[in-house]
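For the sequence shown, numbering that gives the first Met the number 0 begins at 0 and goes up steadily by one. For each residue, glycine too, the CB sits at the ideal point set by N, CA and C. All remarks here apply to the structure that follows.
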Amino acid sequence: MAPIDGALQPIEEAGLDRIRAKSLAMTEFIIDAVDSELAKFGFQVGTPREPQRRGGHVSLIHEDAQPMCLALRAQGVIPDFRKPDVVRFAPSPLYNNFADCWDAMEILKEIATSRSYEQFEGAASLVT
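In structure tokens, the structure reads:
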């Protein structure tokens with residue numbers, strides 16, 4: 000059981016309440032960034048906005064979600080794609096920070112602005 004103890008140690012040290020609070024703050028940060036910077040590019044928040052109804056991820060709806068996900072991956076950001084039109088971000092409060100969230104949103108904004116995702120249209124990914 001020693002390997003399990005080691006894996007659980009960071010959770011125990013941080014505390015579940017603090018982990019959940021940071022998770023909510025990070026997802027709220029992403030939602031605010033979408034509202035202020037990405038809505039004009041056709042992104043809609045698909046995740047519940049109410050903290051008590053929200054899990055640890057943010058789903059963004061966009062008609063070009065799949066090529067956007069591939070373009071993000073090419074830039075080192077690893078989102079999930081969910082058919083037919085969802086880009087999903089799941090920041091981990093144990094190892095991601097707000098700068099990571101900011102960087103991901105800035106990269107997504109650049110991809111949307113430059114339309115660089117278009118080079119990935121029609122491409123398929125085996126990983127979601």
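Restricting to Cα atoms, I'd like to know which of Ala6, Ser58, Gln74 and Glu109 is closest to Gln43. Ser58
Per DSSP, which one or two residues make a beta bridge with Asp79? Arg87
Ignore the nearest five residues each way along the sequence and tell me which others in Met104's own chain have a CB closer than 6 Å to its CB. Ala32
Which same chain residues end up closer than 8 Å to Ile110 when comparing Cβ atoms and leaving out the 5 residues on each side of it in sequence? Met67, Ala70, Leu71, Gln74 and Tyr116
So, is Gln118 buried or exposed, given that buried needs 16 or more other C-beta atoms within 10 angstroms? exposed
If we count the other Cβ atoms within 10 Å of its Cβ and call it buried at 16 or more, is Ala64 buried or exposed? buried
Counting along the chain, where does the alpha helix (DSSP H) carrying Ser113 start and finish? Phe97 to Ser113
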